[in-house]
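Encoded as structure tokens, the structure appears first; notes follow it.
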Amino acid sequence: MTKKFALIMAGGSGTRMQNAVPKQFLDLEGKPVLMHTFNTFRQFDSSIEFVLVLPENQIENWERLCLKHSFNVPVKIALGGENRFQSVKNGLELIPSEGIVFIHDGVRPLVSAKTLGNCYETAVEKGNALPVVPVAESVRWIEGEENKALDRSKYYLVQTPQTFQSSLIKVAYEQDYSEWFTDDASVLESTGARIFPVEGNRENIKITFPEDLRVAALFLKDKA
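The opening residue of the sequence shown carries number 22 in the numbering used here; numbering runs sequentially from there.
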């Protein structure tokens, strides 16, 4: 079986959460959001190896939380860069060229085992996998004073973990940064690679606003 690696991106701040605590460290049902994310991957595969990308000024805080919560999972730390592209690139330097790497938002603690399985199997077979869910509401294009309805059946919301054969994504991240890189899939796509969407799970929300934390707590209680 191909070796699995999880590159966990945790460079966020508490700005949109209206909280001085970085959102990945906020309490969710008794422990930091980030630890729930780690545990989700460990439940999927206990042998998975982790790289965590953190801003340098948050490493001490993370180590303190690990002691407080007796969190002893082996984790390699990579420093965050000036943008997400550079942060991912720094993390990939700690990932070997042979394996499957899940690149995941640290504040998405509710990715399902089914989604992780979908991503892994497709990446092994085709080189990459992009978890998506259909847009459930009406979509309207607006630019200046112009606007029009769009066919929502053609649009999907992109989630993480965006998953890759590590050799392919490491090469893709050797190119120069472009403002058109909106996520890891777009970095690989710019090399000419085809991207393969797979079914995600709706509860795999990104905790960004205060109400997201409350929703995540309800999902966790349902899983318990």
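Idealized CB from N, CA, C, for every residue including glycine.
Spatial distance of residue i from residue j (CA atoms)
i, j, result
"Lys24", "Thr212", "24 Å"
"Ala14", "Cys140", "Here the chain comprises residues numbered 22 to 245, so residue 14 is not present and cannot be evaluated."
"Thr136", "Val154", "11 Å"
"Pro130", "Trp201", "27 Å"
"Glu50", "Lys169", "42 Å"
"Phe46", "Phe62", "18 Å"
"Glu167", "Ala27", "43 Å"
"Phe230", "Gln79", "20 Å"
"Arg215", "Lys89", "44 Å"
"Asp66", "Glu103", "32 Å"
"Gly35", "Glu70", "Any reading at Gly35 needs caution, since the residue's pLDDT is 47, under 50, leaving its predicted position unreliable; the model's value is listed next. Looking at the two C-alpha atoms, the distance is approximately 27 Å."
"Thr58", "Arg223", "16 Å"
"Leu209", "Ser118", "15 Å"
"Lys52", "Ser133", "19 Å"
"Asn60", "Cys87", "13 Å"
"Asp233", "Tyr177", "20 Å"
"Ile190", "Leu115", "13 Å"
"Pro248", "Phe217", "The structure shown has nothing for residue 248, since the chain only spans 22 to 245."
"Ser174", "Trp162", "14 Å"
"Asn82", "Ser91", "14 Å"
"Ser68", "Gly165", "51 Å"
First and last residue of the uninterrupted beta strand (DSSP E) at residue i
i, result
"Arg85", "Careful: Arg85 lies outside any beta strand (DSSP E), inside the alpha helix (DSSP H) at Ile80 to Lys89."
"Leu71", "Before going on, a small fix: residue 71 reads as Phe here, not Leu. It spans Glu70 to Leu75 - the beta strand (DSSP E) in which Phe71 sits, taken as one unbroken run."
"Val153", "Asn149 to Pro155"
"Glu220", "Pro218 to Glu220"
"Val42", "Neither: Val42 is in no beta strand (DSSP E) and is coded neither H nor E."
"Phe202", "Counting along the chain, Phe202 falls outside any beta strand (DSSP E), and DSSP gives it neither H nor E."
"Ile29", "Lys25 to Met30"
According to DSSP, residues forming a beta bridge with residue i
i, result
"Glu195", "According to DSSP, which records beta bridges pairwise, Glu195 is partnered with nothing at all."
"Tyr177", "Pro155"
"Leu49", "Lys52"
N-terminal and C-terminal residue of the alpha helix (DSSP H) that residue i is part of
i, result
"Leu55", "Val54 to Phe65"
"Ala206", "Asp205 to Glu210"
"Ala238", "Pro231 to Lys244"
Residue j beta carbon less than 9 Å from that of residue i
i, j, result
"Ile228", "Thr184", "no"
"Tyr194", "Leu113", "yes"
"Gly127", "Ile29", "yes"
"Val74", "Ser108", "yes"
"Leu100", "Asn93", "no"
"Gln186", "Ala144", "yes"
"Ile226", "Ala238", "no"
"Val179", "Pro152", "yes"
"Arg85", "Gly32", "no"
C-beta neighbour in chain B for residue i, strict 9 Å
i, result
"Leu151", "In the displayed structure, chain B is absent; only one protein chain is listed."
Practice item. Within the stretch 87-172, note down every full beta strand (DSSP E) run reaching 3 residues or more, in order along the chain. Key: 96-100, 121-126, 149-155, 160-164 and 167-171
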